[in-house]
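Written out below as structure tokens is the structure these notes cover.
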Amino acid sequence: MSPDFEHRPLLLMRRIHKRFPGVHALRGVDLEVRRGEVHALVGENGAGKSTLMHLLAGVYQPDEGRIDFDGTEAIRIPNERAAQKLGIAIVFQERSLFNDLTIAENIFAARQPVNGLGQIKRRELFEQARQLMHRVNLAASPDTPVCALSPAQQQMVEIAKALSLEAKLIIFDEPTAALTDTETRALFGVIEELKQQQVGIIYISHRLEEIFEIADRVSVLRDGEHQGTFAVGETSPEHLISRMVGRELTRCRVGQGAVNGPVALEVRNTGGVSFSVRAGEVLAFAGLAGAGRTEMALALFGAIRPADGEVRVNDVPVRINSPADAIAAGIGYMPEDRKEAGLFLEMSVAQNIVGARLEHFREQERISEDFRARLRIACRSVRQAVQNLSGGNQQKVVLAKWLLVNPRVLIVDEPTRGVDVGAKAEVHLLLRELARKGTAVIVISSDLPEVLAVADRILVMREGQITGELTFAEATEERILRYAYA
0 MSPDFEHRPL
10 LLMRRIHKRF
20 PGVHALRGVD
30 LEVRRGEVHA
40 LVGENGAGKS
50 TLMHLLAGVY
60 QPDEGRIDFD
70 GTEAIRIPNE
80 RAAQKLGIAI
90 VFQERSLFND
100 LTIAENIFAA
110 RQPVNGLGQI
120 KRRELFEQAR
130 QLMHRVNLAA
140 SPDTPVCALS
150 PAQQQMVEIA
160 KALSLEAKLI
170 IFDEPTAALT
180 DTETRALFGV
190 IEELKQQQVG
200 IIYISHRLEE
210 IFEIADRVSV
220 LRDGEHQGTF
230 AVGETSPEHL
240 ISRMVGRELT
250 RCRVGQGAVN
260 GPVALEVRNT
270 GGVSFSVRAG
280 EVLAFAGLAG
290 AGRTEMALAL
300 FGAIRPADGE
310 VRVNDVPVRI
320 NSPADAIAAG
330 IGYMPEDRKE
340 AGLFLEMSVA
350 QNIVGARLEH
360 FREQERISED
370 FRARLRIACR
380 SVRQAVQNLS
390 GGNQQKVVLA
400 KWLLVNPRVL
410 IVDEPTRGVD
420 VGAKAEVHLL
430 LRELARKGTA
440 VIVISSDLPE
450 VLAVADRILV
460 MREGQITGEL
470 TFAEATEERI
480 LRYAYA
């Protein structure tokens, strides 16, 4: 191998663009990864980190730009199998294992050792799997079904699977989110071993302390754009956070600060979380991916049963074992994924609006026309199928449904994800209008400008716990991020 080759970057991505309908996800991004380097990639939720990695994994293809890898210029990665053949492996944040297969079968899926008759050599399969499991400190039998493992153990199987490919570049996307301290230490040992073998590592994490422990360099993405690459020894957490945020806040803030209405909802030690929200207040929950905000909301709505604690609505204890119990108690929930959990896509606008109050079925067109005018829902007719509306108008239909129910407490999960700027502003004003009429509104959002725009008060979560509280006057993006990374 020539000295020139050894000093060329393992990976070079130049001027990468990726567009989706209505979203320019990556805008001319550059990234360089060297052999034997841990290169961290940081940014807020939605900054473009996962999209960039999906391009390397063959899940997406770039619209513009060039990728050089391992001495080959302008490569194409048309699919995930092509990425593996090039020597690129990725440990996704969302696990991709087959629950009914064993650990060994998952590690070597579609790559099991076989004899001349095509039969799997199970002894060899298990021995190879056992060696990889030892490297990641996974104490289990190779023939254990993956469904019998804990989430942390399943994550270690994912990592062992990536190691089995003998990759030249391994991408870790939030690898420690489900790991214990012991498992995290084992992972860091594996990463150090890979560095010594001149494997390139891309490490995505919201945990800045991890980045400053194991990374050599760090690149920052913000709103799909590259904000700089820095040697870890020459930067600081404060500098990285300022680069991650780094934008002017031009959106109108409709929050109003302290609210003195009666307590509408009080949560006492439910899943380790305690808080209250007042009638007429907009309380925002901020935090990073995996912080536990959605799980908390689903527990309050009865979609997943809370382990313990107490919930009081208007100072009356309530027991919530199902969404029906929650609605009866006066709690509504607008889910993050409106298409999967919030709407009946093939049904009409009118049918969706009255879906939670079937006693209004005979009046559905009149009621829906009222909401159509009030919320400015752009549709040909209230008989039109919801699936044919834009994302912003679909969100307005979900909101109309809950306005008709008129809950005491409305939990809104990622209320403007996937909607355009104009519709986003309208949704913010509608949430404020709902609060003015006395509803306690809980907003869960990963969009920090949105949190600052709508909230009277902000609670920040990390790893299932509330780590900070900010008033309307105190709140800034930097302060929220500091609590999120605390």
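Just so we're aligned, residue 0 is where the sequence shown starts under this note's numbering, counting upward by one. Note that CB positions come from ideal geometry on N, CA and C, so glycine has one too.
Query raised in the report: Exposed or buried, H133, counting other C-beta atoms within 10 Å across all chains shown (16 or more means buried)?
Result: exposed
Query raised in the report: Taking the alpha-carbon positions, what's the E36 to I190 distance?
Result: 10 Å
Report task. May I ask you to list the residues that DSSP assigns as paired with G331? Result -> L409
**Report entry** DSSP state of E247 mapped onto helix, strand, coil
**Finding:** Interpretation of E247 is limited by its pLDDT of 41, a score under 50 that renders its predicted location unreliable; the figure taken from the coordinates is listed afterwards. Here E247 sits in coil by DSSP.
Query raised in the report: CB-CB under 8 Å to V404, same chain, minus the five flanking residues each way: which ones, in chain order?
Result: I326, G331, A355, R356
Query raised in the report: Taking the continuous beta strand (DSSP E) assigned at K17, which residues delimit it?
Result: 10-19
Query raised in the report: Excluding five sequence neighbours on each side, which residues of the same chain lie with their C-beta closer than 6 Å to the C-beta of A88?
Result: A161, L164, A166, I169
Query - Presumed contact (8 Å Cβ cut-off) between F97 and V145, rounded CB distance - result: 7 Å
Query raised in the report: Can the beta-carbon of L173 be found closer than 9 Å to that of M155?
Result: First, the residue type needs correcting, since residue 173 is Glu and not Leu in the sequence shown. Not a contact, by the Cβ cut-off of 9 Å.
Query raised in the report: If you count every other CB in all the chains shown that lies within 10 Å of the CB of S140, and 16 or more means buried, which is it?
Result: exposed
Query raised in the report: Can you pull the DSSP bridge partners for S218?
Result: L40, T228
Requested in this report: Can you grab the Cα-Cα spacing for the pair E72 / L469, in whole Å?
Outcome: 50 Å
Report task. Could you work out which residue in L30, F19, H23, P20 is closest to R13 when comparing CA atoms only? Result -> L30
Requested in this report: Quick one: using the 10 Å Cβ neighbour count with 16 as the cut-off for buried, is K120 buried or exposed?
Outcome: exposed
Report task. Report, in whole angstroms, the separation of the C-beta atoms of N268 and G308, which I expect to be a contact under 8 Å. Result -> 4 Å
Query raised in the report: Around the Cβ of S367, are there at least 16 other Cβ atoms within 10 angstroms (buried) or fewer (exposed)?
Result: buried
Requested in this report: Any chance you could list the beta strand (DSSP E) runs of at least 3 consecutive residues sitting entirely within the segment 146-181, in chain order?
Outcome: 168-172
Query raised in the report: Is DSSP giving L100 helix, strand or coil here?
Result: coil
Query raised in the report: So R277 packs on V262, CB below 8 Å; how close in whole Å?
Result: 6 Å
Report task. Quick one: which unbroken alpha helix (DSSP H) runs of 4-plus residues sit fully inside the segment 366-409? Chain order, please. Result -> 390-404
Query raised in the report: Near L11, what residues of its chain come up, given a Cβ to Cβ distance below 7 Å and the 5 sequence neighbours on each side ignored?
Result: E31, D67
Report task. Can you say whether L297 is buried or exposed, counting buried as having 16 or more other CB atoms within 10 angstroms of its CB? Result -> buried
Requested in this report: Give every residue of the same chain whose Cβ lies closer than 6 Å to the Cβ of P8, excluding the five residues on either side of it in the sequence, and list them in chain order.
Outcome: E31, R33
**Report entry** Short Cβ contact (9 Å threshold) for T415 with Q394
**Finding:** yes
Report task. Ignoring anything shorter than 4 residues or poking outside the segment 31-90, list the alpha helix (DSSP H) runs there in chain order. Result -> 48-55, 79-85
Query raised in the report: Touching or not, the segment 230-237 and the segment 55-63, by the rule of three or more beta carbon pairs under 8 Å?
Result: no
Query raised in the report: The alpha helix (DSSP H) spanning M295 covers which residue range?
Result: 292-299
Query raised in the report: Are the beta-carbon atoms of V217 and A39 separated by less than 9 Å?
Result: yes
Report task. Please state if the CB of G223 and the CB of T50 are separated by a distance shorter than 9 Å. Result -> yes
Query raised in the report: My guess is that S275 and L287 are in contact by the Cβ rule of under 8 Å, so how many angstroms apart are they, rounded?
Result: Their Cβ separation, rounded to whole angstroms, is 24 Å, which puts S275 and L287 out of contact at 8 Å.
Report task. Output the boundary residues of the alpha helix (DSSP H) element that contains V135. Result -> Counting along the chain, V135 falls outside any alpha helix (DSSP H), and DSSP gives it neither H nor E.
Requested in this report: Compare the C-alpha of D446 against each of A285, E462, D455, Q83 and name the closest.
Outcome: A285
Requested in this report: Using three-state DSSP, classify E362 as helix, strand or coil.
Outcome: helix
Query raised in the report: Quick one: what does DSSP say G115 is sitting in, helix, strand or coil?
Result: coil
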